[in-house]
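Chains A and B are the protein sequences, given in the same order. To get my numbering, take the position in the first sequence, counting from 1, and add 2. To get my numbering, take the position in the second sequence, counting from 1, and add 252. Report on the following structure.
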Amino acid sequence: MSLQRKVKNSQARKRTSQGSNSYQTRLSAWKVTEDLSDSKSISKHGQNNPVEDYEHADDQAEGALQIALTYFEKGPIKTSQSKDKTLEKHLKTVENVAWKNGLAPEGIDILLNVALSGKFGSAVNTRIFKCMIPATLISEDSVITAVSWLCVGKCSGSTKVLFYRWLVAMFDFIDHKEQINLLYGFFFASLQDDALCPYVCHLLYLLTKKENVKPFRVRKLLDLQAKMGMQPHLQALLSLYKFFVPTLISVSLPMRKKIYFKNSENLWKTALLAVRQRNQRLPPEPLKLMLANVHPIKRKWNSHSVIPVLNSGNYSKESGKKGMSLSDYFSSNGSFPLEQLKSFPQLLQNIHCLELPSQMGAVLNNSLLLHYINCVRDESVLLRLYHWLSQTLQEECIWYKVNNYEHGKEFTNFLDTILKAECFLQEGFYSCEAFLYKSLPLWDGLCCRSQFLQLVSWIPFSSFSEVKPLLFDHLSRLFFTSTIYFKCSVLQCLKELLQNWLLWLSMDIHVKSVNSPLETTLGGSMNSVSKLIHYVGWLSTTAMRLENNSTFLLHFILDFYEKVCDIYINYNLPLVVLFPPGVFYPALLSLDSSILNQLCYIMDRYRKNLTAAKKNELVQKTKSEFSFSSKTYQEFNHYLTATVGCLWTSKPFQKGLYIDPKVLEKASVAEYKNSLNLVHHPALLGYAVFFLLQEWPKERKVNMSSIRGKKWNWYLDYLFSEGLQGLKLFIRSSIHRSSVP
Amino acid sequence: MDSYDVPESTPRQCASSRLKDYFIGATPLQKRLESVRKQTSFIPTPPRRKIPQCSQLQEDVDPQKFAFLLHKQWTLYSLTPLYKFSYTNFKEYSKLLNAFIAAEKQKGLAVEVGDDFNIKVIFSTLLGMKGTQRDPEAFLVQILSKSQLPSEHREGKVLWTGWFCCIFGDSLLETVSEDFTCLPLFLANGAETNTAIIGTWFQKTFDCYFRPLAINAFNLSWMAAMWTACKMDHYMATTEFLWSVPCSPQTLDISYAIHPEDAKALWDSVHKTPGEVTQEEVDLFMDCLYSHFHRHFKIHLSATRLVRVSTSVASAHTDGKIKILCHKYLIGVLAYLTELAVFQIE
Chain A
3 MSLQRKVKNS QARKRTSQGS NSYQTRLSAW KVTEDLSDSK SISKHGQNNP
53 VEDYEHADDQ AEGALQIALT YFEKGPIKTS QSKDKTLEKH LKTVENVAWK
103 NGLAPEGIDI LLNVALSGKF GSAVNTRIFK CMIPATLISE DSVITAVSWL
153 CVGKCSGSTK VLFYRWLVAM FDFIDHKEQI NLLYGFFFAS LQDDALCPYV
203 CHLLYLLTKK ENVKPFRVRK LLDLQAKMGM QPHLQALLSL YKFFVPTLIS
253 VSLPMRKKIY FKNSENLWKT ALLAVRQRNQ RLPPEPLKLM LANVHPIKRK
303 WNSHSVIPVL NSGNYSKESG KKGMSLSDYF SSNGSFPLEQ LKSFPQLLQN
353 IHCLELPSQM GAVLNNSLLL HYINCVRDES VLLRLYHWLS QTLQEECIWY
403 KVNNYEHGKE FTNFLDTILK AECFLQEGFY SCEAFLYKSL PLWDGLCCRS
453 QFLQLVSWIP FSSFSEVKPL LFDHLSRLFF TSTIYFKCSV LQCLKELLQN
503 WLLWLSMDIH VKSVNSPLET TLGGSMNSVS KLIHYVGWLS TTAMRLENNS
553 TFLLHFILDF YEKVCDIYIN YNLPLVVLFP PGVFYPALLS LDSSILNQLC
603 YIMDRYRKNL TAAKKNELVQ KTKSEFSFSS KTYQEFNHYL TATVGCLWTS
653 KPFQKGLYID PKVLEKASVA EYKNSLNLVH HPALLGYAVF FLLQEWPKER
703 KVNMSSIRGK KWNWYLDYLF SEGLQGLKLF IRSSIHRSSV P
Chain B
253 MDSYDVPEST PRQCASSRLK DYFIGATPLQ KRLESVRKQT SFIPTPPRRK
303 IPQCSQLQED VDPQKFAFLL HKQWTLYSLT PLYKFSYTNF KEYSKLLNAF
353 IAAEKQKGLA VEVGDDFNIK VIFSTLLGMK GTQRDPEAFL VQILSKSQLP
403 SEHREGKVLW TGWFCCIFGD SLLETVSEDF TCLPLFLANG AETNTAIIGT
453 WFQKTFDCYF RPLAINAFNL SWMAAMWTAC KMDHYMATTE FLWSVPCSPQ
503 TLDISYAIHP EDAKALWDSV HKTPGEVTQE EVDLFMDCLY SHFHRHFKIH
553 LSATRLVRVS TSVASAHTDG KIKILCHKYL IGVLAYLTEL AVFQIE
């Protein structure tokens, strides 16, 4: 164990120093050091964890491994007769440790040298390669040394093949790749060797950066292609070249997904899995993405998928300059290629010189670029996205054109991607709004319902009266003619729309207040929001009647008003809009206790908001232009009286509501006044009965009217303990407990 | 059902005109949205249009120069503005497009840009093909096959032609910034596979979007009226309408041919405002044709779908195919098509 620790420490030190060196040249170095600390902590963890019993055995194995490695390093003693036996024993030792725990970087370094120096026969070399499994990482230096052995020419062709396969398989575990990349030319020259070619191609595929793509290499590859025909490994490398420098080369891969590289990893498959698990997190692989983007679906205009592949805008930008020669493509390197953009800090450091994708639509699949879109001031970027998105939406929309239903699943996925982006940005796209204008009148209310309604909820804040004829009039038509479930989904989506608008406005006020005539804009904005709320109030009132005061529907309506009642306090916006009577009375007289509870909660919040507004008004003295009309207060007081009357004082509807006594007689509730309080309210009657049965189980007759005085207070506590928190808040704030009936 | 009326809003402040300014803001994107709102809320087409005038080309342009565009069937597409497109880079573009086509044709085989292929791509401008000075210059892309014997025919056979134009595209031009080139109308003649390859290249290179431009029956009747209204020295073809009756197992087509002079006479009888065509006139013109047909065959054509209109000026199919016959009215026809294309990309 001590040896391993020593090796690891020295290795770690070396790596850290490398990390800090390269920090100046590579911006992604922070990532590497981070990985290092990870791997260190993992290995330490591994050392501390094992149960005591195993430690001894481990130490033994460690010692044996050390001896074995020294044996390989020194080389076999030629005169020894038991050479084969010793060799076998040491090989076994190494294999056992390697397959179990992997080898430390230093161990791999030794074994690489042994395998490639030709000390042993190729059978032994093969076995060595097969067990060269890293515990965590492989040092770049070992690879460099190994490559230098290839030049000496001491190893056989099959060993070389094995080396390249090993290198490809272990590529992810090499701690740095800068030095290896400097050997690009050497690897490239190895393409000549027919046996090595597929594996070298694979290695180059992993290694290639934009600056490695040069005209003479392109030509060389094309010569190879001419010689060997259409080889998948060449195709892959060539298409990567095209990906980096499309002005040099053109290639189009077949739509069908196929395997471009013979699986080099086969030999180490299970071992790699174990290492990955040990390392847990790996530096992201840069370029495997590209081929993974090939989808099997055949589409018109042969694009592989709806959303374009992320690709730097090479053509247009560079050929936009006059008189560019091929060499110019390489010398001008001021911009940061998208392919290398992997992390947020990178984005921050290069935001001024980012190469934008050639097709802006590609940003939808890339959250880093969405960040960029979010803060960019360049209108042309947004216009490109706008045009692409609005056209694609219309082209893909399945109810836009007849016979387009076969792509339904695809369209749903596309909408989901857009919604994910909107959610990420917390902002709607203008193109989606334009799309809604055009497609809502044709929508059947069924297709992609959830996605479509979510799009509605992301409509950017705008003047309600302007948007109403384009959108909400069509929506209400669908609303009234559809099922209760549709109605509920629409209410839900309008609630989210309101929330998005409020958030946007409350943010905007703080941004804008510095330099713009705030009041005028804010007044208009508040007007727009209040119109939206009134619109929903109108929808709700009518829907309640159409659906026979359905409790289910009422829940969704009250959810909406839970947002509405808190605008003043939660969003700091000067607006209080009450619910219409068509919502309030059905909720107050509902048979469902949770509705009543929700209503009480909302009433309480309204009270708090209005009180806060009044207080502010008094403080400010000067008559603000957002003072609420006395009508709002009157209306609220009216609702409050009714609620208290129905729940507490048993004197409901004293004012403003007249019911013909004959009607009441017919309904045999002539004594209706006493029928409405906390005990007799239809939503709470059940609680009252349970309360009596629980507290006085011996009583033979349940006497409701007995709940008074002290019992009334106990009953209240019982109600609160049953989870009627809204009721509790309401009673605490709105009823002075001096008068217990 | 309750009538929808908004009660007095709670804040006393009413919507100010500032708000509107704020929303109609000056950025191109907001202008775009504003124009979409207008488009959607009002009748999509203005109720009156000019009758195409005798050649509206610039005076110094010989209309015969564009003769090769006539008498060919073009498939119509709408095209969003091209980003970073430059008229000075045609050579570069043809090299790149050439390689792209070659690579697409032999899937999987890489080709070098600038290599010699058996096809040739030519980009060229169509100088003078514009409605106003502000319209960007139209341009043409041709794919030629290279003949095996270079001495015999210098220029090989034309395999595919496509051209991009913008005639009176003011409404679109206003809403984009200078990085973009607006050529909303694209017309292609040749194999559709070629159109797809070339379109894909344009989409990838200039971040634009092609959409097939279909012409609905409403716009076809407008075309019928406007083109009948055109003064002709001599008529080259009969005026013909094609209606489609959706019935199984096969759709039934009704063709209705009229002598062009009779059609013109009918038009003159319904036409009132000189130089202009109005929606009422278009409706009246079509109604006359319907009632005439009904009198003879007892079939209500208004219940079927108009799918094709052919006149001596041009013929158009609902699939988005057009053939222009008369060079005098080339610009006039293209102006209307540009309008439809702009409408589609809004």
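Note that beta-carbon positions come from the ideal geometry of N, C-alpha and C, so glycine has one too. Note that the coordinates shown come from a computational prediction; the quantities given were computed from them, not determined experimentally.
Residues near residue i by beta carbon distance below 6 Å, same chain, minus five either side
i             : result
residue 447/B : 440
residue 485/B : none
residue 556/B : 495, 497
residue 349/B : 373, 453
residue 461/B : 332
residue 701/A : none
residue 449/B : 353, 356
As assigned by DSSP and simplified to three states, the class of residue i
i             : result
residue 613/B : The question about residue 613/B has no answer, for chain B in this structure spans 253 to 598.
residue 513/B : helix
residue 442/B : strand
residue 393/B : strand
residue 463/B : strand
residue 630/A : strand
residue 200/A : helix
residue 570/B : coil
residue 717/A : helix
residue 460/A : coil
residue 340/B : helix
residue 417/B : strand
residue 325/B : strand
Same chain only: Cβ atoms within 8 Å of residue i, ignoring 5 sequence neighbours per side
i             : result
residue 364/B : 351
residue 560/B : 472, 492, 493, 494, 567, 568, 569, 570
residue 252/A : 244
residue 642/A : 605, 609, 736
Exposure of residue i, with buried meaning 16 or more beta-carbon neighbours within 10 Å
i             : result
residue 213/A : exposed
residue 471/A : exposed
residue 590/B : buried
residue 448/A : exposed
residue 459/B : buried
residue 328/A : For residue 328/A, the pLDDT reaches just 42, beneath the cut-off of 50, and the residue's location in the model is therefore unreliable, leaving the point undetermined.
residue 324/B : exposed
residue 290/B : exposed
residue 539/B : exposed
Under 8 Å between C-beta atoms of residue i and residue j
i             : j             : result
residue 566/A : residue 597/A : no
residue 414/B : residue 583/B : no
residue 139/A : residue 111/A : no
residue 301/B : residue 598/B : no
residue 304/B : residue 475/B : no
residue 533/A : residue 481/A : no
residue 392/A : residue 436/A : yes
residue 606/A : residue 553/A : no
residue 560/A : residue 601/A : yes
residue 458/A : residue 394/A : no
residue 463/B : residue 358/B : no
residue 1/A   : residue 207/A : What the structure shows of chain A is the stretch from 3 to 743, and residue 1/A is not part of that stretch, so it cannot be assessed.
Close beta carbons around residue i, own chain, < 7 Å, minus the five adjacent residues each side
i             : result
residue 103/A : 137
residue 241/B : Outside the displayed range of chain B (253 to 598) lies residue 241/B, so it cannot be described from this structure.
residue 453/A : 414, 417, 418, 421
- Message: Whether or not the region 425-443 of chain B and the region 347-365 of chain A are in contact is what I'm after, with contact meaning three or more pairs of Cβ atoms, one per stretch, closer than 8 Å; do they touch?
- Response: no
- Message: Below 8 Å, how does it come out for the region 418-425 of chain B and the region 574-589 of chain B: are there three or more Cβ pairs, yes or no?
- Response: yes
- Query: Taking Cβ-Cβ distances below 7 Å as the criterion, which residues of the region 318-343 of chain B are in contact with chain C?
  - Reply: In the displayed structure, chain C is absent; the protein chains listed are A and B.
- Task: Could you tell me whether the region 699-716 of chain A touches the region 581-592 of chain A, using the rule of 3 or more Cβ pairs below 8 Å?
- Result: no
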